[in-house]
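J.: Here it is, the structure, as C-alpha cells.
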Amino acid sequence: MAETVRVRFAPSPTGYLHVGGARTALFNWLFARKHNGTFILRIEDTDIQRSSEAMVQGILEGLHWLRLDADEGPFFQSSFVDEHRAAARRLVEEGKAYYDFTPKEQTDDRTIGERIVDRARAQAGKERNPYRDLPLKEALDRIEAGERAAVRLKVPETGVSRFDDMVYGPQERDYADIEDLVLIRSDGHPLYNLSVVVDDIEMGITHVIRGQDHLTNTHKQVLIYRALGVEPPKFGHLPLIIAPGKEKLSKRKHGEVVSVTTYRDRGFLPDALVNFLALLGWSPGGDQEIMSRDEMIEKFSLDGINKASAVFNFHENDPQNWTDPKALWMNAEYMRAMPVDELAPLVADQLKKHGLWRDEYAGEQREWLLRTVDLLRARYRTTVDFATLGRPYFSNEFEYEEAAVKKNLKDERLKTLLPGLADRLAALNEFTHDGTEKALRAYSEEQGVKAGLLINAARTALTGQAVGPGMFDIMVTLGRERTVERLRRAVDLVGK
RNA sequence: GCCGCUAUAGUGUAAGUGGUUAACACGCUGCCCUCUCAAGGCAGAGAUUACGGGUUCGAGUCCCGUUAGCGGUACCA
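In our numbering, the protein residues as written are 5 to 500.
In C-alpha cells form, the structure reads like this:
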C-alpha cells in the first residue's frame, strides 16, 4: 500500500487570506481529496510582531467560507519552538551547524531590499563564515559565559543541490550560491526555514505544495532535511498570481480586490470563486471550465499546472469590472445554474443586509421570493445585485434613473396614458401575465399609440430603470396594487 | 549585483513522444430573438506562438543568445 498523502496549507497570519493563498489552499485540498489524503492547516505565526489573532480568524473564516476546511489543525507553529530549538541543538552537536558570534547587523534607514543587495554585493567572492570551524567546546564555553550567538547551517562549499519539482521539473543550485543560513537567531528565536522543515517532518507531510516564491529556497530546506537525516518530501511549486500588466501584486495597492472576504461581501458564491481560482494556473486539459468540486477532484493533477505566473485581470477603476471579468461571468453562471431554492437564502442574506428583508418572504411569500429571484437572476452577476439593482422589486423606495426617465417618460402624452393604463389594470379581473398584456395592448390600440411606448414607459415608472425583465413579468411580480400606484405616481416624472 | 523561474490573441488556458489553415473560455463587435436589458442561438474581429539565431525535410513544441516580467538572495515568512 502506498504511503498516505499528507499535505498542508501554511499561511502566516501577517495579513488576510488573499486569492493567492486561497488558491494554494485549494490545490492542496484538491490534491488531498484526489489521493484520499489528509489536508492540514498550520498557522506560521512565529513572527510575533507581525502576526495577529484577528488575521488568524480572518484566514480561518475565509477557508471555511470557501469550504476548504482542514482535516487536521489549525496547528500553530509558535507552539513548536522547543522542537525547533532542539533540532538546531542536535545539528550543532553533530557538527552540521555552528554558533556564529558575529554581532547582529544593525538596521538602518535603507529599505530591506536595498540592504539585501548591498550585503550580497559585499559578500560576493568572500570566504565562508569564520566561526564555521570554531571547535564546539570553545563555542559552548563562550555561550556559557553569556555570549550571544546565532546558529547557522553548514552548507557544503562545493557541489550542487538538486531536487525534482513536481511542477517545475529538475532544479539545481550551486552550493556556492547558498550562504550558511541562520537557523536560530541570536535571541533564540527559530527562523522560518528551520521551523517549516521540523514541523513538516513532525506532521508527516509527504507533499509540499506552495507558491513559487519558495522555489529557490527549497534547496536550503532540502539541506536541513538531509542534515536532520530525513528524506525530504516531494515538492510542487505553484506559479504566482500577478496583477494586470504583469505587475506584482501588492498588498497595499491591491489589498481589497485580492482579499477573499471582499468576494464574500460583494456577493460571490464560494463555489464560483473556487472554480475560477482553480483555473488560474491549472487546466484539466479539455474544454470544460465549469466544474463541480467532485469533477475538480477527479480531474486534478499537478501535471496540469502551468509554469508561468497568471495575471489576475481585475480593473481597479472600473466599477463594472472591479474584479476579473471572467470571475464575474463565472459567478453569474453559477447563479443561473444552481437551484433557485439554494440561491434564495443567499439573496435573503443580502436583502437583510440592505434592510430590504420582510419576514413574509420566509412564509406566505416564499413562492413569490423564489419566482422573483428566478426572474432576476439571468441579468445579475452577484447576489449583492439583488439588493442594489433589484431594489425596486423589494421596496417602494427606489431611485428613478435620470437616463431612464429621459428616455422612456419623455412623451407628454404619457401624462394621460399612464393614469389611463393604471385604471385599466386596476379594473382587470385577472392580474396575470397574459391578462395585463392583453389590457395594455388593447389600451394602446384604442389610444392610437405603439404598445412599445407604454411598455417602456411602464418599465421606468415601475422600476425606475430602462432595463429589466419582460414588462408583464414585472407587473405580476409587483402585483396589482403596487403596479397601479407606481404608474400613477410616475405622472409627475413625465417630460422631466 | 548575483542566482533562479517564466514567456501562445487584451485575460485565463489547449495544442500525446516536433508533422496540415494555432483550439476553447472570458472580454470585444455584429446579427437573430424581442417591449428594454440580460440570458440563449449564430457569426466575426483579434496571435508573423517576446525577439534573434540554430538543429531538422518540417518547431509554439528541441538547443543557444537577447530582452522583459516575476521570484530569491534577511538574525522576514
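For each residue, glycine too, the CB sits at the ideal point set by N, CA and C.
For the stretch 202 to 215 against the stretch 9 to 27, are there 3 or more C-beta pairs whose distance is under 8 Å?
T.: Yes: the two stretches touch, three or more of their Cβ pairs being nearer than 8 Å.
J.: By a C-beta neighbour count over all protein chains shown, 10 Å radius and 16 as the cutoff for buried, is A331 buried or exposed?
T.: So A331 ends up on the buried side.
J.: Alpha carbons only, please: which of E98, S305, Q324 is nearest the one belonging to A231?
T.: The candidate whose alpha carbon is nearest that of A231 is E98.
J.: Excluding the 5 residues flanking R156 on each side, which residues of the same chain have their C-beta closer than 7 Å to its C-beta?
T.: Cβ neighbours of R156 beyond the five flanking positions: A101, Y102, D104, N133, D184, L185, V186, L187.
J.: Cα separation between T481 and Y196?
T.: C-alpha separation (whole angstroms): 59 Å.
J.: Taking its Cβ as the centre, do 16 or more other Cβ atoms sit within 10 Å of M5, making it buried, or is it exposed?
T.: Here the model assigns M5 a pLDDT of 45, short of 50, so the residue's position is not dependable, and the following value carries that caveat. With fewer than 16 other Cβ atoms within 10 Å, it is exposed.
J.: Since F304 and F35 are thought to touch, with beta carbons under 8 Å apart, how far apart are those beta carbons, to the nearest angstrom?
T.: The Cβ separation is near 7 Å, so the contact holds.
J.: Which runs of the alpha helix (DSSP H) fall wholly inside the stretch 407 to 455 and span at least 4 residues, in chain order?
T.: Counting whole runs of 4 or more residues, the stretch 407 to 455 contains the alpha helix (DSSP H) stretches 418 to 430, 437 to 451.
J.: For a test of your reading of the model: does the CB of V480 fall under 7 Å from any non-hydrogen atom of the ligand MN? Yes or no.
T.: Summarising the ligand content, the structure contains no ligands, and the ligand MN is consequently not present.
J.: Alpha carbons only, please: which of R297, T265, S287, G289 is nearest the one belonging to V278?
T.: That would be R297, whose Cα lies nearest to the Cα of V278.
J.: Report the CB separation of V23 from L281 in whole angstroms; it is logged as a contact under 8 Å.
T.: The pair is a contact, with the Cβ atoms about 6 Å apart (cut-off 8 Å).
J.: Looking only at its chain, what residues have a beta carbon closer than 7 Å to the beta carbon of P17, apart from the 5 residues adjacent to it on each side?
T.: I47, D49, S55, S56, M59, V60, I63, listed in sequence order.
J.: Identify the continuous alpha helix (DSSP H) that holds Q225 and give its terminal residues.
T.: Taken as a continuous stretch (DSSP letters only), the alpha helix (DSSP H) holding Q225 covers 222 to 231.
J.: Given 8 Å as the limit, is there contact between the stretch 468 to 479 and the stretch 432 to 445, that is, 3 or more CB pairs closer than that?
T.: A contact exists between the stretch 468 to 479 and the stretch 432 to 445.
J.: Helix, strand or coil: which one does DSSP assign to V361?
T.: It is worth fixing the name first, because residue 361 is Trp in this sequence and not Val. DSSP places W361 in coil when its eight states are reduced to three.
J.: Buried or exposed: which applies to W333, given that a residue is buried once 16 or more other Cβ atoms fall within 10 Å of its Cβ?
T.: Per the 10 Å Cβ criterion, exposed.
J.: Would you check if the distance between the CB atom of F402 and the CB atom of G456 is smaller than 8 Å?
T.: Their beta carbons are not under 8 Å apart, which means F402 does not touch G456 by this criterion.
J.: Would you call I245 buried or exposed, if buried means 16 or more other Cβ atoms sit within 10 Å of its Cβ?
T.: It is buried - the Cβ of I245 has at least 16 other Cβ atoms within 10 Å.
J.: Count the other CB atoms, across all protein chains shown, that sit within 10 Å of the CB of A341; report buried if there are 16 or more and exposed otherwise.
T.: A341 is exposed by the Cβ-count criterion.
J.: Spell out a yes or no on whether the stretch 173 to 181 and the stretch 121 to 141 are touching, meaning 3 or more CB-CB pairs, one atom from each, closer than 8 Å.
T.: The stretch 173 to 181 is not in contact with the stretch 121 to 141.
J.: Terminal residues of the continuous alpha helix (DSSP H) containing V328?
T.: Residue identity check: residue 328 is Asp in the sequence provided, not Val. Counting along the chain, D328 falls outside any alpha helix (DSSP H), and DSSP gives it neither H nor E.
J.: For V201 and R89, I'd like the C-alpha separation in whole angstroms.
T.: Near 12 Å, if we compare the C-alpha coordinates of R89 and V201.
J.: So, is R71 buried or exposed, given that buried needs 16 or more other C-beta atoms within 10 angstroms?
T.: It counts as exposed.
J.: Taking the alpha carbon of V453 as the point to measure from, which residue in E434, G424, A470 has its own alpha carbon closest?
T.: When only C-alpha atoms are compared, the closest one is G424.
J.: Suppose the cutoff is 6 Å on Cβ atoms and the five residues either side in sequence are ignored; what does the same chain contact list for S313 look like?
T.: Closer than 6 Å at Cβ, skipping near neighbours: P243, L244, I246.
J.: Starting from P274 and walking both ways along the alpha helix (DSSP H), at which residues does that stretch end?
T.: 274 to 282 is the span of the alpha helix (DSSP H), which, as asked, contains P274.
J.: Give me the Cα-Cα distance between R119 and D353, rounded to the nearest whole angstrom.
T.: Going from the Cα of R119 to the Cα of D353 covers about 50 Å.
J.: Following the continuous beta strand (DSSP E) through V155, name the residue where it begins and the one where it ends.
T.: Segment 154 to 157, the beta strand (DSSP E) holding V155.
J.: Which value, in whole angstroms, describes the spacing of the CA atoms of A348 and A124?
T.: Cα-Cα distance, rounded: 58 Å.
J.: Would you mind working out which of R463, V471, A494 sits nearest M479, comparing C-alpha positions?
T.: Checked all of R463, V471, A494; the closest Cα to M479 is R463.
J.: With DSSP run on the structure shown, which of helix, strand or coil describes E251?
T.: Looking at E251 - three-state DSSP - the assignment turns out to be strand.
J.: What residue from K500, E7, G499, Y20 has the CA that sits closest to H259's CA?
T.: It should be noted that the sequence gives Gly, not His, for residue 259. G259 has its Cα closest to that of Y20, out of K500, E7, G499, Y20.
J.: CA-CA distance, A74 and L45?
T.: Each residue's Cα considered, the two are about 6 Å apart.
J.: Locate the alpha helix (DSSP H) running through F318, then write down its first and last residues.
T.: Element bounds for F318: n/a, residue is neither H nor E.
J.: Would you mind working out which of P139, H241, I301, I213 sits nearest R37, comparing C-alpha positions?
T.: R37 has its Cα closest to that of I301, out of P139, H241, I301, I213.
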